[in-house]
Amino acid sequence: MDAQPERREGQIQPGWLMQEESGRRKRCLGVAASLSHQTRKKLQINAKVTIVACGSLKTPGLLASSGLKNSNISRGLHIHPIMMAWGYFPEKNSELEGAAHEGEIVTSLHYVHPMDSTTPNITLETPAIGPGTFAALTPWVSGSDMKERMAKYARTAHIFAMVRDEGVGEVKGDIVKYRLTKADEENLTIGLKQALRILVAAGAAEVGTYRSDGQRMKCDGIKQKDLEAFLDTVNAPPGVVSMSKHWTQSFTAHQIGCCRMGATEKEGALMEKERAGRQKICMSVMQVFCLQLLVLIP
């Protein structure tokens with residue numbers, strides 16, 4: 001381990017496991033940690049400022065253990081839910097060269113509606129899907145179907161629909177409670193249908209979703225009315241644990257807002273020009289604001 005701080009400003013140590021706390025008014029005086037469960041030696045580093053990065057799902061627990069009592073801590077979780085569409089482009093019948101796992105990760109964004117306060121915020125993007133993720137996503141229809149899909153992996157393109165959700169969740173320890181609103185489900189459906197239209201227009205031989213029944217459609221020689229009939233069957237089904245006839249695997253782009261800002265302590269976990277609970281704990285933007293960061297960070 002390098003004992004000299006980088007640029008003499010600080011040092012980042014990823015993957016450390018915290019062993020103990022000082023017990024002095026629950027103030028952080030530094031870090032006492034080991035490099036792994038197997039390491040017997042402990043390292044103790046005293047510091048005037050210690051930064052702990054644990055994300056929105058773990059921050060509420062960190063603040064609670066730091067002595068903060070505000071009831072809004074852990075509430076206000078937003079996840080920017082995602083649903084995925086795919087399109088298969090056979091190499092012999094397509095002008096598009098290369099493989100799905102080659103090239104840039106993201107080349108463009110598409111907003112289904114103009115970006116203003118009067119329309120739902122629905123964004124379409126292209127994700128990076130590795131073979132392991134692709135296999136985990138693919139619904140089990142049959143053994144031969146699974147083998148066929150995996151053989152087509154390199155020429156299968158994906159577009160996902162992401163929405164700025166109205167639904168609000170809560171984090172209590174390791175338990176996360178979250179439910180989409182009806183409006184969120186409708187917006188995901190709109191985005192999913194638009195993603196499928198784009199894949200068809202790009203020349204996909206077959207398109208589909210990751211619904212549990214293997215929902216898909218052959219596109220060769222398809223007519224507009226047939227496409228619309230297929231799109232009428234597309235929706236935002238519930239998740240795996242719903243025990244529904246049709247379910248899907250969905251994703252979350254960002255977990256944010258568990259320590260939202262408010263005008264008073266009754267409305268938020270921290271207030272403007274203040275720090276959390278007077279304990280000199282500073283929060284990052286992801287925990288405080290429910291932003292769609294794609295608007296801010298190109």
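Mapping to the numbering used here: the sequence shown position 185 is 185, numbers consecutive. C-beta: ideal position from N, C-alpha, C; glycine also. A quick note: this is a predicted structure, and the numbers were derived from the prediction, not measured.
Beta-carbon contacts of residue i that lie in its chain and below 8 Å, excluding the five residues immediately before and after
{"i": "glycine 214", "result": "Pro139, Val141, Asp145, Gly208"}
{"i": "aspartate 165", "result": "His78, Ile79, His80, Pro81, Leu180, Thr181, Asp184"}
{"i": "alanine 154", "result": "Ala99, Ala100, His101"}
{"i": "threonine 233", "result": "Gln215"}
Per-residue burial, residue i [other beta carbons within 10 Å of its own, 16 or more giving buried]
{"i": "aspartate 184", "result": "buried"}
{"i": "leucine 109", "result": "exposed"}
{"i": "methionine 83", "result": "buried"}
{"i": "aspartate 220", "result": "exposed"}
{"i": "isoleucine 222", "result": "exposed"}
{"i": "glutamate 104", "result": "exposed"}
{"i": "threonine 119", "result": "exposed"}
Same chain, Cβ closer than 6 Å to residue i, neighbours up to 5 away in sequence not counted
{"i": "lysine 152", "result": "Tyr88"}
{"i": "arginine 75", "result": "Glu170"}
{"i": "glycine 130", "result": "none"}
{"i": "leucine 63", "result": "Ile73"}
Other residues of its chain near residue i: CB distance less than 7 Å, five sequence neighbours each side excluded
{"i": "proline 127", "result": "His158, Phe160"}
{"i": "valine 240", "result": "Trp247, Gln249"}
{"i": "arginine 149", "result": "Thr138"}
{"i": "cysteine 54", "result": "Leu62"}
{"i": "proline 90", "result": "Arg155, Ala205"}
Best match in the options for proximity to residue i [C-alpha to C-alpha]
{"i": "phenylalanine 218", "options": "Gly130, Leu199, Ser56, Leu192", "result": "The question names phenylalanine, yet the displayed sequence has lysine at residue 218. Taking only the C-alpha atoms, the option nearest lysine 218 is Leu199."}
{"i": "histidine 101", "options": "Thr118, Ser74, Phe134", "result": "Phe134"}
{"i": "glutamate 170", "options": "Glu125, Met150, Ser56", "result": "Ser56"}
{"i": "lysine 245", "options": "Ser212, Phe230, Gln255", "result": "Ser212"}
{"i": "glycine 191", "options": "Ala136, Lys147, Ala236, Glu104", "result": "Ala236"}
{"i": "asparagine 93", "options": "Ile222, Gly103, Ala205", "result": "Ala205"}
{"i": "threonine 156", "options": "Leu196, Asn187, Ile175, Glu186", "result": "Leu196"}
{"i": "glutamine 255", "options": "Gly167, Ala229, Glu186", "result": "Gly167"}
{"i": "glutamate 125", "options": "Val163, Lys147, Gly132, Gln224", "result": "Val163"}
{"i": "tyrosine 111", "options": "Leu188, Leu68, Lys225, Pro238", "result": "Leu188"}
{"i": "tyrosine 178", "options": "Leu68, Thr252, Ile45", "result": "Thr252"}
{"i": "glutamate 228", "options": "Gly203, Lys193, Tyr210, Met243", "result": "Lys193"}
{"i": "alanine 202", "options": "Glu95, Ile175, Ser242", "result": "Glu95"}
Delimiting residues of the alpha helix (DSSP H) encompassing residue i
{"i": "glutamate 228", "result": "224 to 231"}
{"i": "leucine 57", "result": "55 to 65"}
{"i": "threonine 133", "result": "131 to 137"}
{"i": "alanine 151", "result": "143 to 151"}
Continuous beta strand (DSSP E) stretch holding residue i: start and end
{"i": "leucine 68", "result": "Counting along the chain, leucine 68 falls outside any beta strand (DSSP E), and DSSP gives it neither H nor E."}
{"i": "arginine 75", "result": "75 to 77"}
{"i": "isoleucine 256", "result": "Careful: isoleucine 256 lies outside any beta strand (DSSP E) and carries neither H nor E."}
{"i": "isoleucine 159", "result": "156 to 163"}
{"i": "isoleucine 45", "result": "43 to 46"}
Contact test: residue i Cβ vs the ligand GDP heavy atom, cutoff 7 Å
{"i": "alanine 135", "result": "Because no ligand of any kind appears in the structure shown, any question about the ligand GDP cannot be addressed here."}
**3-residue-minimum beta strand (DSSP E) runs that sit fully inside the region 87 to 128, ordered along the chain** = 122 to 125
**Request:** Could you name each continuous alpha helix (DSSP H) segment of 4 residues or more that falls completely within the region 173 to 251, going from the start of the chain to the end?
**Result:** 182 to 201, 224 to 231
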